Amino acid sequence: MTAPRKPEGYLDGRPLRPESLMMSYGYSPALSEGAIKCPIFQTSTFVFPSAAAGKAFFEVAYGLRPPREGEKEALAYSRLNNPDLEVLEDRLKLWDEAEACALFESGMAAITTTLLALLSPGDLLLHSEPLYGGTDHFVHHVLPRFGIHAVGFHHDATAADLERLLEGAPGKLAMVYVETPANPTNALFDIALCAEVARRHRTPDRRVPVIVDNTFLGPLWQHPLAHGADAVVYSATKYIGGHSDLIAGAVLGSKELMAPVRAMRTFMGTMAGPWTSWLLLRSLETLKLRMTCQMKNARYVADFLADHPAVERVYYPGHLSEGTAQHALYRRQCLAPGAMISFDVVGGEAEAFRVLDALKLIKLAVSLGGTESLAEHPYTMTHADVPPEKKRRLGLTEQLIRLSVGVEHPEDLIADLGQALKV
Ligand SMILES: *Cc1c(COP(=O)(O)O)cnc(C)c1O
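Below, the structure written as structure tokens:
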């Protein structure tokens, strides 16, 4: 599934690393008056050089004939393609070493378009639990109207447990959808185990793809495609965008799997526009810098919280105990613990609210992955919709605060948390 790179992706035959290519890959200054940066192609349509070229474009676009040897995909209309979108997709592919990528105007657009492209009436979707609230709502309240049903599993489920969940609908499994680490508890799900179960249910006309929402650790600290996933989805609003100033999403996978996703995107019109794509090109240049700094900051913050008397428990992949299944999975599947930390304060909602209201440098807001640190209360905010008994089962308490660590000085973050926990 590894992407064949363009020649510019190599130096003396050696592949260049993604961070070395984020400023130039997939863009030719010669096509834009020598501009070192890809301009914003704020245009809806593109002029055909001739009527014959217009005819050729639509022949290929509608699948009336396959592209000829060396025939490049032309530009015709910005719902189908746009230079900013295409350069961005080429660059994003490098991190996950994916063959194909599709960018969307939001993470939810990426997820819903993918589910609608790959599922049909009568299908069963097996998914990790908890899911991001928007995904959960779509899976349990929208897909059933189209005859698609879903069943969830927890992070400690074995392959035998998953098989038992499928016994009620033999031959119906059509997709395994996994979000790992889980939000907000940071519980890890085993991608290879999900791929193994999916493979057992695969038939010549039933592919049963494994789709992984890699928003929390990707595209730097976890590469699901390398662990058997068929596609990766992102809310690019989070780390990829990284500045809390845009909404976007992405899906990556093999060309074959991405073809129906890209086709569905064309008909639903959920592609990212040139302005969003351009902002994301800018963000990708500092992706590794930001995520590395945030990950390092989070280590300091997590250590501080673990030692604080007003904190009962810290949920952080960097603090998993050796000898546990979660620790072994972390070592196998993740490259670093990322920058999302959840913690239980001593007390309940009132104590958690007191801390949130006392924070000064860290802002009280949902979302994550931006340059600034954010804190929120999952029980009453991002996960307000989850029934109380389900929250209890997932360990989602009223004392829980979720923290997205930014690029500030770690000692300033610790000072802010210290004064807020003292109030
Ligand atoms: C934010 C988020 C989404 C939804 O993405 P949007 O860009 O807000 O549409 C999906 N999955 C996860 C894990 C998220 O954090």
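Under the working numbering, the sequence shown is numbered contiguously, ending at residue 471. Glycine residues also receive a C-beta, built at the ideal position from the N, C-alpha and C atoms. Computed from a predicted structure; not experimentally measured.
Check: Among residues of its own chain, excluding the 5 on either side of Val256, which ones have a beta-carbon nearer than 8 Å to its beta-carbon?; Outcome: Leu221, Ala222, Met223, Val224, Ala246, Arg247, His249 and Arg250
Check: In terms of residue numbering, what span does the beta strand (DSSP E) encompassing Ile389 cover?; Outcome: Met388 to Val393
Check: Going along the chain, which residues of its own chain have a beta-carbon closer than 7 Å to the beta-carbon of Thr233, five neighbours each way excluded?; Outcome: Tyr363, Ser390, Leu442, Gly443 and Leu444
Check: With C-beta atoms as the reference, is Tyr287 less than 8 Å away from Gly417?; Outcome: yes
Check: Considering only residues of the same chain and omitting the five flanking positions on each side of Gln90, which have a CB-CB separation below 6 Å?; Outcome: Pro322
Check: Starting from Met223 and walking both ways along the beta strand (DSSP E), at which residues does that stretch end?; Outcome: Leu221 to Glu227
Check: Measuring alpha carbon to alpha carbon, tell me which of Asp253, Gln447, Val299 and Ala432 ends up nearest Leu547.; Outcome: Here the chain covers residues 49 to 471 and nothing more, so residue 547 does not appear.
Check: May I ask which residues mark the beginning and end of the alpha helix (DSSP H) holding Ala398?; Outcome: Glu397 to Ala406
Check: State the DSSP-derived secondary structure class of Met49, mapped to helix, strand or coil.; Outcome: Residue placement at Met49 is flagged as unreliable, the pLDDT there being 49, under the threshold of 50; the coordinate-derived value follows with that caveat. Residue state, collapsed to three classes: coil.
Check: For Leu173, verify whether its CB is less than 7 Å away from any heavy atom of ligand 2.; Outcome: Ligand 2 is not among the ligands present in this structure, which contains only ligand 1.
Check: Under the DSSP definition of a beta bridge, which residues are partnered with Lys411?; Outcome: Leu422
Check: Can you give the Cα-Cα distance for Ser126 and His375, rounded to whole angstroms?; Outcome: 46 Å
Check: Where does Asp460 sit, in a helix, a strand or coil, going by DSSP?; Outcome: helix
Check: Taking just the CA atoms, how far does Leu128 sit from Asn262?; Outcome: 25 Å
Check: Would you report the Cα separation of Glu424 and Glu397, rounded to the nearest angstrom?; Outcome: 12 Å
Check: Cβ of His185 within 8 Å of Cβ of Phe237?; Outcome: no
Check: Taking 7 Å as the cut-off, is the C-beta of Thr486 nearer than that to any heavy atom in ligand 1?; Outcome: Any question about residue 486 goes unanswered here, given that the chain covers just 49 to 471.
Check: Looking at the unbroken alpha helix (DSSP H) that takes in Asp138, where does it start and where does it end?; Outcome: Pro131 to Asp144
Check: Are the CB atoms of Gly181 and Thr340 nearer to each other than 8 Å?; Outcome: no
Check: Is it right to say Glu119 is buried, meaning 16 or more other beta carbons lie within 10 angstroms of its own, or is it exposed?; Outcome: exposed
Check: How is Ile449 classed by DSSP in three states: helix, strand or coil?; Outcome: strand
Check: Between the stretch 346-358 and the stretch 195-212, are three or more C-beta pairs nearer than 8 Å?; Outcome: no
Check: Can a CB atom of chain B be found closer than 8 Å to the CB of Gly111?; Outcome: Absent here is chain B; the protein component of the structure consists of one chain.
Check: Using DSSP's beta-bridge definition, name the partner residues of Tyr110.; Outcome: DSSP, once it has assigned bridges, lists no residue as partnering Tyr110.
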